[in-house]
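A.B. asks: Chains as they are written, first to last, in full-length UniProt numbering: chain A, 1 to 376; chain B, 1 to 376; chain C, 1 to 376; chain D, 1 to 376; chain E, 1 to 376.
Yeah, the Cβ is synthetic: ideal placement off N, Cα and C, and Gly gets one too.
My structure is below; once you've seen it, I'll send some questions.
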Amino acid sequence: MRSTSVSDRDATRQAHSQGVGARPGTLIIPDDALPPKLFLFSYDANGFDECECSSYDELMQRFRGQPERRHWIDVRGYGDVELMRRFMQDFGLHPLQMEDVLGDYQRAKVELNDDGQLFLVSRMTEFTSQLEIDDDQLSLFTGSNYVLSFQDDYEDCLDTVRQRIRSGYSQIKQRPPLYLAYALTDVVLDHYYPTMAAIGDYIEELENVILRGRPNKRLLARILQIKKDIVRFRRLVYPEREKIAELLRMPDEVVSEEMKVFFRDCYDHAIQALDLTESYRESVSSLIDLYMSDQSNRMNEVMKVLTIISSIFIPLSFVVGLYGMNFQRENPQGGINPLNMPELYHPLGYPVLLGVLLVIVTGQLVYFYKKGWLTN
Amino acid sequence: MRSTSVSDRDATRQAHSQGVGARPGTLIIPDDALPPKLFLFSYDANGFDECECSSYDELMQRFRGQPERRHWIDVRGYGDVELMRRFMQDFGLHPLQMEDVLGDYQRAKVELNDDGQLFLVSRMTEFTSQLEIDDDQLSLFTGSNYVLSFQDDYEDCLDTVRQRIRSGYSQIKQRPPLYLAYALTDVVLDHYYPTMAAIGDYIEELENVILRGRPNKRLLARILQIKKDIVRFRRLVYPEREKIAELLRMPDEVVSEEMKVFFRDCYDHAIQALDLTESYRESVSSLIDLYMSDQSNRMNEVMKVLTIISSIFIPLSFVVGLYGMNFQRENPQGGINPLNMPELYHPLGYPVLLGVLLVIVTGQLVYFYKKGWLTN
Amino acid sequence: MRSTSVSDRDATRQAHSQGVGARPGTLIIPDDALPPKLFLFSYDANGFDECECSSYDELMQRFRGQPERRHWIDVRGYGDVELMRRFMQDFGLHPLQMEDVLGDYQRAKVELNDDGQLFLVSRMTEFTSQLEIDDDQLSLFTGSNYVLSFQDDYEDCLDTVRQRIRSGYSQIKQRPPLYLAYALTDVVLDHYYPTMAAIGDYIEELENVILRGRPNKRLLARILQIKKDIVRFRRLVYPEREKIAELLRMPDEVVSEEMKVFFRDCYDHAIQALDLTESYRESVSSLIDLYMSDQSNRMNEVMKVLTIISSIFIPLSFVVGLYGMNFQRENPQGGINPLNMPELYHPLGYPVLLGVLLVIVTGQLVYFYKKGWLTN
Amino acid sequence: MRSTSVSDRDATRQAHSQGVGARPGTLIIPDDALPPKLFLFSYDANGFDECECSSYDELMQRFRGQPERRHWIDVRGYGDVELMRRFMQDFGLHPLQMEDVLGDYQRAKVELNDDGQLFLVSRMTEFTSQLEIDDDQLSLFTGSNYVLSFQDDYEDCLDTVRQRIRSGYSQIKQRPPLYLAYALTDVVLDHYYPTMAAIGDYIEELENVILRGRPNKRLLARILQIKKDIVRFRRLVYPEREKIAELLRMPDEVVSEEMKVFFRDCYDHAIQALDLTESYRESVSSLIDLYMSDQSNRMNEVMKVLTIISSIFIPLSFVVGLYGMNFQRENPQGGINPLNMPELYHPLGYPVLLGVLLVIVTGQLVYFYKKGWLTN
Amino acid sequence: MRSTSVSDRDATRQAHSQGVGARPGTLIIPDDALPPKLFLFSYDANGFDECECSSYDELMQRFRGQPERRHWIDVRGYGDVELMRRFMQDFGLHPLQMEDVLGDYQRAKVELNDDGQLFLVSRMTEFTSQLEIDDDQLSLFTGSNYVLSFQDDYEDCLDTVRQRIRSGYSQIKQRPPLYLAYALTDVVLDHYYPTMAAIGDYIEELENVILRGRPNKRLLARILQIKKDIVRFRRLVYPEREKIAELLRMPDEVVSEEMKVFFRDCYDHAIQALDLTESYRESVSSLIDLYMSDQSNRMNEVMKVLTIISSIFIPLSFVVGLYGMNFQRENPQGGINPLNMPELYHPLGYPVLLGVLLVIVTGQLVYFYKKGWLTN
């Protein structure tokens, strides 16, 4: 699974993986593609077979040998260009759509091909512990009796669907392949909620750090990172909604009225996911406000300490400096200057001065207390 | 009633209550669901019966025994999966819609089923003393002679409707079940206004705290909390408007022209509620501006005090420090240095110096007064 | 005229005046409603009669007695529920619309009733000296030969229309009642401009206070108040535009092509009013920027004074402190410490020191001048 | 040409010039209207006549005497209500449209009258040296063989069109009057670019002042003024685009397919102008960010100076104050207190102290240098 | 290639190059236009010829001599107005479109001419090392057997297309000219990704400077510059999407269903490019937040140093000042004032005082440490 938390990287990724200016429809296998594994589920209302096929020929033999059953051909890993070409040929896949499959950066979409074949792209997401959104592409082709799925990784979030096929009773086995495609799409959508819940938890954690702890510059960087993630997540979910809306607008021959009821449910989920991303954006922008205000508050606190200390001691220092002056009582000529600092010679000079200092300090403390600078 | 003030929690809630990847349409009863209570209003233009049924069978017997009357089947609490299944079966409810009912997080919507049955979801709100918006789901199915309502709590805001049925003359008794559904929807909408009034009062209170009191960091957190509440409230009300707009677009066979007049009134209310949330958002963003500016103002005030005190006393301290120097009039070699601080020996040295200090202080005070720093 | 400057109050007002959960269409007269006054203008192309009717019966007698003339029934004050019921009955007013009339918080709208009767709501505004926008509702019903207008106050802004009817030649007398409705709507729209002009003047005044005077915290509160007013004003005007747009879309049988030319002119005015509110919002947000920047500027100024004074005198204080030290030239043992502060004994010690202090001060002043801190 | 830089004034202007509540369609001549001058261009594919007519009668004689030619009747100045009435009568102008002409504050629009006559309003702009956008209204009526233009000023930006008519070969002379209307509209649009270029230059100039010079509070006021100008300019250009879009949607009988090619070009220009205003808004909002940051930077600088000076000298002052204390070595009782400040009696006391002070200063300078506070 | 990083310049450029008020459709060659070079690719499914033609006549001879082949006439440089006129005449180009070609500032668009000829404008971009977006116009006319391309520079990004024609097998050679136009458009779109990747890298670099280095005022200017670039880039890409959307809406006779599949792929790319610019805008606005917060942080740090130093030493200075006072133990009259600073005569006076000072310092350090001001 390719990790792409920094949305800025998407452009680079796309620029490279596409081969700028290459002939449209050229099959370019990414260098790090895994060797493909081929899985086949063959099922009908009565039961199912499951196998990991060792070769394309074995796969096609099983697929073609049971034309009355429905099949889920589950391809994981792209690292075999020849194999991909054979899929294109045997299943009549359009070169540009195959290019989309392998490019692995296609936003969610649906395309209806001439022969009623549907091409569906979904994006599976995960929120990693590094605060990144991993996303992975799931590409589906649905025909009259098959669903052909491609993804670039061996692990995925589709196991619940596999279990449902394996379980005794399952609607999937009783309905057309499009229902399987719906089930897969729905699972992908369902997996958005844990991703969002993780983001939500993380936002709350950051809020607590600001309110209770000591935020620093790195914290803002993390807030902005989560903001980027949310924007990116929205970019992933939004086309999902559009995709399903387009499915709902398709003629009933392609997507039956009965299937539309199910997709309408998907549509609801997609909208709710989008609603949540909007809320998260608001929350993050509130976080930024809170952070900025906290910075300002801390500056306020620093300034208050400085002001209180300075305001108290600077006047005191002046007073004591005053009586450190050396004005002379005795004239060099022998006379007396009785006006030159007689306080210094008074028997109570020093105690009275200390009293004055105390009064000044007390006055200031009262002033600051009334301003509310001492509490808080 | 589930309290869900933090919108971030919605994703978690949804992720859990839905069972990620579960088979669509599976009935999952939340763990904390209350045991259901069944209430039945049976009415026609001439009168009504009301009872709390002890069992589903009693309910259905009464319901089926009076096919010419209209019925409001009022189910509160979901904690009985078997009961829910029987409702699904006997009233032909779609599994996905039943899932929406039980999930309790469905945004407002309306769906028209094949047999003319309408499925309506509303969200009832309350603003709690903990500054949180409680919301609760009201799900309605309307058939030709019944309204079937589901909610997960025993208490609700629908008692005014019950009173109107009980009262002598009521339009509800004279009109089709859809009118009852309208009356319930309208009550839910009406309850948005007290919620909003509470939010509005709270905003005003916060504004007063900023203008008159001493805001602190917690205050901003509260402002941002109320902002989140408003965003969340908007997310609740917006689909309500869409729901009613969709009802208004429905064919006249489903929603008669006469009923549309009533729903148009609901639509007006929903729009006014949305308008108000917009105003509140503006108000809250103004509050944040005000808070930030107040922070800045308080910093200004602190700095002014520091500046005034420092600017007055630091120069004075210099002057008194000057005359604390020990330059010697008498040379160790016995000569006289008449230029070394003759002021100290002048008979009026000290009084003149005090006068100079006074002049400096007065000058500075005049300067600060003219700057407007002494008055505030 | 009800004064409702704080938009937050709208929710409260609505919550109360509506009676949450009351039966829709119930006539609730506000407690402070004035006793109704009934005015009647009866006119045709040749002349007009005008009277203040003492009773509903007198009014109806005059109205019904002249079926060939057109009538403007001008009801001011709602304080008589029985009267309102009779109007409903005799003019076929829909209960929900009557509720809108009495609620007095209905946004501008138009509704076409079954019998071609139009229901028009406008909101009349005034900008009071308390920086508040007073708004008042004008509700109109137009039939084939009458305009029935309701408002809750005796004073209004419609006197120019009354004068035009009274004046010799007037289009109103020659055209259908809808033209009178247009004239009334147009007068209401025209009154938006003085309101906006007052807001605009006030914004300019605030801007001047910031640029020339001494803004304080209250000023920001006033700016934010005017921002709220503008948002609220926009909320009043926006539906006005929608109302007229809907009139323009109505079939020609209801609103003739000829009348649409006039309403198109209204539409232009409504758009220009909206344009202006947008400009005002920009202006107010600029004001906030300006205020914030001014706060920052004033802090800068305070800091500069502090920095200049401190930077000049703190080093000086150090120097004079240095020569206030008591290092002794004469050893207690009788020897001489010639390195201990020989400056103090130099005949020119003091004058040279004063010179040094002067140089330091000059240097700093030059430095600050070059930084541009002395000039502002 | 009326100068109206402050958008706030628009409301006042409109409130006054319209006569609040006046009968719609009343001709009100502004008090400062210039006496009209009447110009006539009569042309066909073979040549043209040009004259300044001394009276309306002369104008109409020339106009009616050459029905086979096309005419541009160019009226400048409105100060003659009787003349305006005669134009209304003779050319069948709608009173409301004439009111728009004279009001001189109509946003750009197009109206199609019953007889195929088009009424077009454009706004001509100029960016004055007082940072204001002057705008002036150009009103056009086009008939089958004439273009009738009104403006309130003698000077305008249409001379290039006049020159093109006068020049030997011109498409204007060969095409219907609508082409002349197009040419005039296009010239007005072309004049938006110099206005915008002037705004762009001014924005760049302001940016340079911030980056290189010493911004002050007035500068922000100028930035906000230019922001207002841009908002206002956008308000002028936006309806221009809508006007042309409406022309493009008109039936081919009114605006031929051939003419639409030309108007499509105008449409492109209007969109590009709008694009530019958007860019300018971004630029101005960047300017504000830059200004705010610069304020903050300057505060930082001030604070750094204060901190460096204070941090260096305050500790030094303490040290020298320490040795200014008067602890006595000799007891009044005649004994010796050897612990009381023996440093003062040490032969190297003073030089060592000076060394210590030097070390403190150096240490601090190194510390500040490492923090990067000395460079910058 | 014209470099136009400052979007403000666009208006100036447009104002000049267009000749304000010039006759629409006038061919104005920019002064700095390069002399044209004419290249011709003639191809069919079996092969191709390529030549740089020395004259227009040679070009046309080759073009007309092979009517059964398809041709790409590739004109680089506009500096020959006569040549441009001949192209207009021979290929039936509309004067206004030719004006768009030469103006070199036309936003992307497509126009369908009467004879099925398509006029397509694209904008090629490059992000230079001076942080500027270079953009260049590519204008295409496609006819039944030719693509006629114009650009004002000899160098471009289309070489990959040329190579594909030269290569053995190429779809271009097998398909109609519109496919070549598609290939050229696609290459231009593909080149947006490296531009965006460069912008993305630069944003990340700026973020690192803020987080790790020492940002200064110039840095903000660079951030705002990149913001302008992104806005400008968006202005370039947005019409590209609209252009392709319009192509997709064209009737199948003009753009075949088969070609639409290809353009739909282009459309996807354009949307993804727009998505990315949105992300970048968010990133840049986050950068500004980060920068502002960093400024504030640095101020905080400066203030903390000042506060710590001042708060420690100012009280100390007061204490030592206190004992620098000259209160006299001995009365001039010969008596003793035992209350006047007896501390000075105590044998342990000085050591105890030093101890007190140490205690004060320690206490303050503990206080600041607990506040977290010493650690950062």
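Going straight from the alpha carbon of A:I288 to that of A:L220, what length do you get?
C.D. replies: Residue 288 of chain A sits at position 288 when you count from the first residue of the first sequence. Residue 220 of chain A sits at position 220 when you count from the first residue of the first sequence. When rounded, the distance between both Cα atoms is 7 Å.
A.B. asks: Which stretch, first to last residue, makes up the beta strand (DSSP E) that contains C:C51?
C.D. replies: For the purposes of this step, residue 51 of chain C is identified with residue 51 of the third sequence, where counting begins at 1. C:C51 -> beta strand (DSSP E) spans 47-53.
A.B. asks: I want to see whether chain E comes within less than 8 Å of A:I210, judged by CB atoms only; does it?
C.D. replies: By 1-based counting over the first sequence, the position of residue 210 of chain A is 210. It does not; no Cβ of chain E falls within 8 Å.
A.B. asks: Alpha carbon to alpha carbon, how far is A:K228 from E:S283?
C.D. replies: Within the first sequence, residue 228 of chain A is the residue found at index 228, counting from 1. Within the fifth sequence, residue 283 of chain E is the residue found at index 283, counting from 1. Rounded to whole angstroms, A:K228 to E:S283 spans 7 Å at the Cα level.
A.B. asks: For B:T142, which of B:V187, B:G168, B:L93 has the nearest alpha-carbon?
C.D. replies: Mapped onto the second sequence, residue 142 of chain B falls at position 142. Comparing Cα-Cα distances from B:T142 to each of B:V187, B:G168, B:L93, the minimum goes to B:L93.
A.B. asks: Using 10 angstroms around the beta-carbon of A:V187, count the other beta-carbons present and answer buried if the total reaches 16, otherwise exposed.
C.D. replies: Here residue 187 of chain A refers to the residue found at position 187 when the first sequence is read from its first residue. Flag for A:V187 reads buried.
A.B. asks: The ligand MN and B:P342: does any heavy atom of the ligand fall closer than 7 Å to the residue's C-beta?
C.D. replies: In terms of ligand content, the structure shown is empty, and the ligand MN therefore cannot be addressed.
A.B. asks: With 16 other CB atoms within 10 Å as the buried threshold, where does C:L189 fall?
C.D. replies: One-based indexing of the third sequence puts residue 189 of chain C at position 189. It counts as buried.
A.B. asks: Does B:S3 have its Cβ less than 8 Å from a Cβ in chain A?
C.D. replies: Numbered from its first residue, the second sequence carries residue 3 of chain B at position 3. Residue placement at B:S3 cannot be trusted, given a pLDDT of 37 that sits under 50; what the coordinates show is reported in the next sentence. B:S3 does not count as touching chain A.
A.B. asks: In three-state DSSP terms, what is D:L357?
C.D. replies: The residue given as residue 357 of chain D occupies position 357 in the fourth sequence. Reduced to three states, the DSSP call for D:L357 is helix.
A.B. asks: Please report the Cβ distance between C:Y323 and B:M292, rounded to the nearest whole angstrom; I am assuming they are in contact, meaning their Cβ atoms lie under 8 Å.
C.D. replies: In the third sequence, the residue the question calls residue 323 of chain C occupies position 323. In the second sequence, the residue the question calls residue 292 of chain B occupies position 292. At roughly 49 Å, the Cβ-Cβ gap does not stay under 8 Å, so C:Y323 and B:M292 are not in contact.
A.B. asks: Which chain A residues sit within Cβ distance under 8 Å of E:E282?
C.D. replies: Within the fifth sequence, the letter at position 282 stands for residue 282 of chain E. Chain A residues near E:E282: K227, K228, V231.
A.B. asks: Please go through the same chain and pick out, in chain order, the residues whose beta-carbon is closer than 8 Å to the beta-carbon of A:L184, but skip the five residues on each side of it.
C.D. replies: In the first sequence, residue 184 of chain A corresponds to position 184, counting from 1. Contacts found: S122, L138, L140, V147, S149, L158, V161.
A.B. asks: May I have the straight-line CA-CA distance separating E:G349 from D:P338, to the nearest angstrom?
C.D. replies: Translated into positions along the fifth sequence, residue 349 of chain E becomes position 349. Translated into positions along the fourth sequence, residue 338 of chain D becomes position 338. When rounded, the distance between both Cα atoms is 11 Å.
A.B. asks: Mind reading off the beta-carbon distance from E:S317 to A:I309? Whole number of angstroms is fine, and I expect it under 8 Å.
C.D. replies: Numbered from its first residue, the fifth sequence carries residue 317 of chain E at position 317. Numbered from its first residue, the first sequence carries residue 309 of chain A at position 309. Not confirmed; about 11 Å, so no contact.
A.B. asks: Quick one: grab the DSSP three-state call for D:L120.
C.D. replies: Counting from 1 along the fourth sequence, the entry for residue 120 of chain D is found at position 120. It is a strand residue.
A.B. asks: Can you look up E:T277 in the DSSP assignment and give me helix, strand or coil?
C.D. replies: Translated into the one-based positions of the fifth sequence, residue 277 of chain E becomes position 277. Residue state, collapsed to three classes: helix.
A.B. asks: Check the Cβ of D:Q328 against every Cβ in chain E and list those closer than 7 Å, keeping chain order.
C.D. replies: For the purposes of this step, residue 328 of chain D is taken as residue 328 along the fourth sequence, with counting starting at 1. Here the neighbours are L344, Y345.
A.B. asks: Is it buried or exposed for C:N300, if we count other Cβ within 10 angstroms and need 16 for buried?
C.D. replies: By one-based count along the third sequence, residue 300 of chain C stands at place 300. So C:N300 ends up on the buried side.
A.B. asks: Along the region 308-323 of chain D, where does the CB come closer than 7 Å to a CB of chain C? Name the residues.
C.D. replies: Cβ contacts with chain C come from I309, S310, F313, I314, L316, S317, V320, G321, Y323.
A.B. asks: Taking CB distances under 8 Å as the criterion, tell me whether B:M325 reaches chain C.
C.D. replies: Counting from 1 along the second sequence, the entry for residue 325 of chain B is found at position 325. True, the Cβ-Cβ gap to chain C drops below 8 Å.
A.B. asks: Can you tell which of A:N297, A:L118, A:G200 has the C-alpha that lies nearest to the C-alpha of B:R214?
C.D. replies: Here the question's residue 214 of chain B lines up with position 214 in the second sequence. For B:R214, the nearest C-alpha among the options comes from A:N297.
A.B. asks: Tell me the DSSP bridge mates of B:W72?
C.D. replies: Your numbering for residue 72 of chain B matches position 72 in the second sequence. Answer is B:F41, B:V147.
A.B. asks: On the premise that B:M259 lies in contact with B:L178, defined as a C-beta separation below 8 Å, what is that separation, rounded to the nearest angstrom?
C.D. replies: Within the second sequence, the letter at position 178 stands for residue 178 of chain B. Within the second sequence, the letter at position 259 stands for residue 259 of chain B. Confirmed, Cβ separation roughly 6 Å.
A.B. asks: Who are B:S139's beta bridge partners in DSSP?
C.D. replies: Walking along the second sequence from the start, residue 139 of chain B turns up at place 139. B:S139 is bridged to B:V121, B:F150.
A.B. asks: Tell me whether the beta-carbon of residue 378 of chain B lies closer than 8 Å to the beta-carbon of B:R235.
C.D. replies: Nothing about residue 378 of chain B can be read from this structure; chain B reaches only from 1 to 376.
A.B. asks: Roughly how far, in whole angstroms, is the beta-carbon of E:Y182 from the beta-carbon of E:I230, given that I think they are within contact range, below 8 Å?
C.D. replies: Locating residue 182 of chain E in the fifth sequence gives position 182, where the first residue counts as 1. Locating residue 230 of chain E in the fifth sequence gives position 230, where the first residue counts as 1. Rounded, the Cβ-Cβ distance is 27 Å, inconsistent with contact.
A.B. asks: List the residues that DSSP assigns as beta-bridge partners of B:I133.
C.D. replies: In the second sequence, residue 133 of chain B corresponds to position 133, counting from 1. Partner(s): B:F127.
A.B. asks: Who are the Cβ neighbours of D:K37 in its own chain at under 7 Å, not counting the five residues just before and after it?
C.D. replies: Start at 1 with the first residue of the fourth sequence, and residue 37 of chain D comes out as number 37. Contacts found: E52, R76, G77, Y154.
A.B. asks: Going straight from the alpha carbon of C:S167 to that of C:R69, what length do you get?
C.D. replies: Within the third sequence, residue 167 of chain C is the residue found at index 167, counting from 1. Within the third sequence, residue 69 of chain C is the residue found at index 69, counting from 1. Cα to Cα, the separation comes out at about 17 Å.
A.B. asks: Can you find a C-beta in chain A that's less than 8 Å from the C-beta of B:A221?
C.D. replies: Within the second sequence, residue 221 of chain B is the residue found at index 221, counting from 1. Output row for B:A221: interface = yes.
A.B. asks: If we count the other Cβ atoms within 10 Å of its Cβ and call it buried at 16 or more, is C:N340 buried or exposed?
C.D. replies: The count along the third sequence starts at 1 and reaches residue 340 of chain C at position 340. It is buried - the Cβ of C:N340 has at least 16 other Cβ atoms within 10 Å.
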